[in-house]
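Enquirer: Keeping their order, the protein sequence lines are chains A and B.
For the first sequence, numbering that gives the first Met the number 0 assigns the number 0 to the initial residue and increments by one for each residue that follows.
For the second sequence, numbering that gives the first Met the number 0 assigns the number 0 to the initial residue and increments by one for each residue that follows.
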Amino acid sequence: MDVIFRAMAVIETRGLTKRYGHGDAAAPALVELDLDVREGEIFGFLGPNGAGKSTTIRLLLGFLHPTAGRAAVLGHDIRRDSVAIRRQVGYLPGGIAFWDGLSGTHLLDELAALSGRPPVRRTDLLDRLELSAETLRRPVRDYSRGMRQKLGIVQALQHDPELAILDEPSEGLDPLMQRAFYDILDDLRAAGRTIFFSSHVLSEVERVCDRVAIVRHGRLVALEDVASLLARRRRNVEMRFEGDAPRLTAVSGVSDVHVTEGLLTCRLEGDVGPFLAALVGLVVRDLTIEPARLEEAFLEFYEDAIDRPTDGATGRAQDDVVQGVRA
Amino acid sequence: MNGPLFGHIWRANRGRLAIIALTLLVWGTLLPVIYDAFGVQFKQLQDSGIIPPQFTQFGGGDIFSLTGSVALGFIHPIAVGLMLVFAVGFSAAAVAGERQRGTLEVLLSRPISRRRIYLTLLAAATLFVAVVVAALTSGALIGAMLTDRVAELGPGNLPLLWLNGTLLFVAIAAVSMAASVSFDRLTPAIGLSLGFVLLQYFMNALGELWPDAAWLQPFSVFSYLDARAALSGLPDPANFVVLASVIAAAVGYALIVFPRRDLAAPS
Numbered sequence: 000m001d002v003i004f005r006a007m008a009v010i011e012t013r014g015l016t017k018r019y020g021h022g023d024a025a026a027p028a029l030v031e032l033d034l035d036v037r038e039g040e041i042f043g044f045l046g047p048n049g050a051g052k053s054t055t056i057r058l059l060l061g062f063l064h065p066t067a068g069r070a071a072v073l074g075h076d077i078r079r080d081s082v083a084i085r086r087q088v089g090y091l092p093g094g095i096a097f098w099d100g101l102s103g104t105h106l107l108d109e110l111a112a113l114s115g116r117p118p119v120r121r122t123d124l125l126d127r128l129e130l131s132a133e134t135l136r137r138p139v140r141d142y143s144r145g146m147r148q149k150l151g152i153v154q155a156l157q158h159d160p161e162l163a164i165l166d167e168p169s170e171g172l173d174p175l176m177q178r179a180f181y182d183i184l185d186d187l188r189a190a191g192r193t194i195f196f197s198s199h200v201l202s203e204v205e206r207v208c209d210r211v212a213i214v215r216h217g218r219l220v221a222l223e224d225v226a227s228l229l230a231r232r233r234r235n236v237e238m239r240f241e242g243d244a245p246r247l248t249a250v251s252g253v254s255d256v257h258v259t260e261g262l263l264t265c266r267l268e269g270d271v272g273p274f275l276a277a278l279v280g281l282v283v284r285d286l287t288i289e290p291a292r293l294e295e296a297f298l299e300f301y302e303d304a305i306d307r308p309t310d311g312a313t314g315r316a317q318d319d320v321v322q323g324v325r326a
Numbered sequence: 000m001n002g003p004l005f006g007h008i009w010r011a012n013r014g015r016l017a018i019i020a021l022t023l024l025v026w027g028t029l030l031p032v033i034y035d036a037f038g039v040q041f042k043q044l045q046d047s048g049i050i051p052p053q054f055t056q057f058g059g060g061d062i063f064s065l066t067g068s069v070a071l072g073f074i075h076p077i078a079v080g081l082m083l084v085f086a087v088g089f090s091a092a093a094v095a096g097e098r099q100r101g102t103l104e105v106l107l108s109r110p111i112s113r114r115r116i117y118l119t120l121l122a123a124a125t126l127f128v129a130v131v132v133a134a135l136t137s138g139a140l141i142g143a144m145l146t147d148r149v150a151e152l153g154p155g156n157l158p159l160l161w162l163n164g165t166l167l168f169v170a171i172a173a174v175s176m177a178a179s180v181s182f183d184r185l186t187p188a189i190g191l192s193l194g195f196v197l198l199q200y201f202m203n204a205l206g207e208l209w210p211d212a213a214w215l216q217p218f219s220v221f222s223y224l225d226a227r228a229a230l231s232g233l234p235d236p237a238n239f240v241v242l243a244s245v246i247a248a249a250v251g252y253a254l255i256v257f258p259r260r261d262l263a264a265p266s
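#1: Using the rule of at least 16 other Cβ atoms within 10 Å of the residue's Cβ for burial, across every protein chain shown, is Gln177(A) buried or exposed?
#2: Would you please verify whether the beta carbon of Pro138(A) is less than 8 Å from any beta carbon of chain B?
#3: Assuming Asp209(A) is part of the beta strand (DSSP E), what are its boundary residues?
#4: Counting along the chain, where does the alpha helix (DSSP H) carrying Gly67(B) start and finish?
#5: For chain B, find out if any of its Cβ atoms is closer than 8 Å to the Cβ of Pro92(A); answer yes or no.
#6: Would Asp159(A) and Arg120(A) be called neighbours here (beta carbons separated by less than 8 Å)?
#7: Does Pro210(B) come out as helix, strand or coil in the three-state DSSP assignment?
#8: Say yes only if the C-beta of Arg115(B) is nearer than 7 Å to one or more non-hydrogen atoms of the ligand MN, and no if none qualify.
#9: Got a sec: which bits of the segment 34 to 67 of chain A sit with their beta carbon under 7 Å from any beta carbon on chain B, in order along the chain?
#10: Using the Cβ count rule (16 or more neighbours within 10 Å means buried), how would you classify Val214(A)?
#11: With C-beta atoms as the reference, is Ser90(B) less than 8 Å away from Ser179(B)?
#12: Under 9 Å between beta-carbons, which chain A residues line up against Val101(B)? List them in chain order, please.
#13: What is the DSSP secondary structure of Leu45(A), counted as helix, strand or coil?
#14: Please list the segments of the beta strand (DSSP E) lying wholly inside the segment 149 to 223 of chain A, counting only runs of 3 or more residues, in order along the chain.
#15: May I ask you to list the residues that DSSP assigns as paired with Pro138(A)?
#16: Which class does Phe240(A) belong to by DSSP, given the choice of helix, strand or coil?
#17: Taking all protein chains shown into account, do 16 or more other C-beta atoms lie within 10 angstroms of the C-beta of Thr165(B), making it buried, or fewer, making it exposed?
#18: Does DSSP classify Ile305(A) as helix, strand or coil?
#19: Are the C-beta atoms of Val82(A) and some chain B residue less than 8 Å apart?
#20: Please classify Asp303(A) as buried or exposed, where buried requires at least 16 neighbouring CB atoms within 10 angstroms.
#21: In terms of DSSP beta bridges, what is Ala67(A) paired with?
#22: If you run the structure through DSSP and keep just helix, strand and coil, what is Arg100(B)?
#23: What are the partner residues of Val327(A), as DSSP defines its beta bridges?
#24: Hey, is the segment 200 to 212 of chain A in contact with the segment 167 to 182 of chain A, meaning 3+ C-beta pairs nearer than 8 Å?
#25: Whose C-alpha, out of Val32(B), Ala17(B), Ala253(B), Phe5(B), is nearest the C-alpha of Ile141(B)?
#26: Taking the straight line between their C-alpha atoms, what separation do you get for Leu215(B) and Glu207(B)?
#27: Whole angstroms is fine: what's the gap from Thr125(B)'s alpha carbon to Val169(B)'s?
#28: Give the C-beta separation of Thr12(A) and Gly68(A) to the nearest angstrom, bearing in mind that I take them to be a contact with Cβ-Cβ under 8 Å.
#29: Identify, in the order they occur along the chain, each residue of the same chain with its Cβ nearer than 6 Å to the Cβ of Tyr200(B), setting aside the five sequence neighbours on each side.
#30: Start and end of the alpha helix (DSSP H) containing Asp80(A)?
#31: Taking 8 Å as the threshold (C-beta atoms), are Val131(B) and Ile19(B) in contact?
#32: Quick one: give me the first and last residue of the alpha helix (DSSP H) that Thr165(B) is part of.
#33: Can you give me the C-alpha to C-alpha distance between Asp276(A) and Leu286(A), rounded to a whole angstrom?
#34: Report the residue from Phe274(A), Val258(A), Gly269(A) whose alpha carbon sits nearest the alpha carbon of Ala249(A).
#35: Helix, strand or coil: how does DSSP classify Ile95(A) here?
#36: Is it right to say Ile77(B) is buried, meaning 16 or more other beta carbons lie within 10 angstroms of its own, or is it exposed?
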């Protein structure tokens, strides 16, 4: 085997590139992606529309053929062994469509048969996602968007795959079902399963993912632990005090200090120790340190795109970013 | 071939198959009955010379003999139209239609190679075509039985007729499926397939009805269905070889093209 992969890497890509078209007109959809997804983690894959998320997923599953580079999923090369890969993978496409004439039960039965593995998790998933037997007897064409999404989640996970690739999985789910879905992901992680998770909803990525990759214009711009990403983010601080304003401008990690009539606001990055040390002796009436949100981290990565003027392709990129962040 | 996928296709199409097969069975039954009722009068009309001979032998069929009636039943636009429900309708939609609806996604994500998906769809199309052609052939036999003309029909040669008809419509199905694997939308796939069939049918009809255009006939797959010769027990083996070659070419194309295509996310 010419591709050597580490034993613990469930997904590993090296220089993975996809261009559509030929010659000079070829449009890059993904450029030299280097990625490692470890066994037993929930990996978030973030980016605005057109960033290359779906292209990456489709390359991993063999729907697309790479222009250059290589990749392996569960030790199988994506060019040669895509059937073996799909035997061990559960996939939830974005905006999933089903054979609408079938009932929910028949659809799940047929998809399980096509997977070639028994649906050992189905009962549990149906129970947790509150898909009743009565609902499953109805034709899928009568299902609401949320019910279809639940059915999509069940079909992707019912055969207990080693790796689940989920494209915008919580789309259409109400908050209660989203919570149930996150619990399912937690249980899968506890069982040693790996989840590759593409999303626009940053709060859910923050809630469930261990690590996150951010792609922009087909390129990987960040790959790190969610916790590290958040730790490096600047927190918003609001403090009411009495007496003289503390001198914070020289304190490590503190920036954007504004003081007006007993109210101090600033931004705080990294270790809070120096900041708290600078407050010793000050009469503090109220202190709020707003937790760092992944949205802010995400926005920072896209800052230069957002600052660009809205014309042509750049404008679209900007709109996508804003839309992605707001989603 | 993939068993669960074949089962899914069968369950999704069995109702339509039953309706089309039943309709063709009735159609196949009617022509011997019509021949029995009016054949003598039509024969007198033909012998009078009023009708040009090309028009009385269109598609190798006529209603002046029992074998001619059955041959006409195979090439008549009504029969061809019904056959095309599966030869074009099912086959052109098999991949492009699923892709357009987005349902190909869940299928492609299963551990089945694209070649196997294609071959399973082709096997299903072949079965459906074989069943509807068998229904038409059986109808002819039933019609002959109802009119007490079984011996005149030569029932021992009906399998040859079935094989010739099945090869013709499987060839059309294979071409339609080659179009289906080439497009992401149903409209171009079905448009190309129907265009192919109409052109082929027109070339054959023109070649038969107009002696100056007879050179067009060998370029039409319909000219390789010779029902009358099949019923006589003396079909031209070249007919079978040509139709089988068309099938092989279309299948070969699809087996090369489909696995190599990039299937981007449905829009």
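Ideal placement from N, C-alpha and C gives every residue a C-beta, glycine not left out.
Expert: Short version:
#1: buried
#2: no
#3: Looking at the DSSP string, Asp209(A) is not in any beta strand (DSSP E), and its letter there is neither H nor E.
#4: Annotation: the continuous alpha helix (DSSP H) that includes Gly67(B) extends over 65 to 74.
#5: Cβ-Cβ to chain B under 8 Å: yes for Pro92(A).
#6: yes
#7: In this structure, Pro210(B) counts as helix in the three-state DSSP scheme.
#8: In the structure shown, the ligand MN is absent, as is every other ligand, since no ligand is present at all.
#9: Ser53, Arg57, Leu60, Phe62, Leu63, His64
#10: Here Val214(A) is buried, its C-beta having at least 16 other C-beta atoms within 10 Å.
#11: yes
#12: For clarity, residue 101(B) is Gly in the given sequence; the question names Val instead. Per Cβ cutoff of 9 Å: Pro92, Gly94, Ile95, Ala96, Phe97.
#13: strand
#14: 162 to 166, 193 to 198, 210 to 215
#15: Ser102(A)
#16: strand
#17: buried
#18: Legend: pLDDT at Ile305(A) = 44, less than 50; position of this residue unreliable, value from coordinates given subsequently. If DSSP states are grouped into helix, strand and coil, Ile305(A) belongs with the helices.
#19: yes
#20: Note that Asp303(A) scores a pLDDT of 48, beneath 50, so its modelled location is shaky; the value from the coordinates is reported in the next line. Flag for Asp303(A) reads exposed.
#21: Thr16(A)
#22: helix
#23: Here chain A comprises residues numbered 0 to 326, so residue 327(A) is not present and cannot be evaluated.
#24: Yes, the segment 200 to 212 of chain A touches the segment 167 to 182 of chain A.
#25: Val32(B)
#26: 9 Å
#27: Taking the straight line from one Cα to the other gives about 6 Å.
#28: 7 Å
#29: Phe221
#30: Premise fails: Asp80(A) is in no alpha helix (DSSP H) and is neither H nor E.
#31: Yes, Cβ-Cβ distance for Ile19(B) and Val131(B) is below 8 Å.
#32: Boundaries of the alpha helix (DSSP H) around Thr165(B): 157 to 179.
#33: One detail in the question is off: residue 276(A) reads as Ala in this sequence, not Asp. Going from the Cα of Ala276(A) to the Cα of Leu286(A) covers about 14 Å.
#34: Phe274(A)
#35: coil
#36: Around the CB of Ile77(B), fewer than 16 other CB atoms lie within 10 Å, so the residue is classed as exposed.
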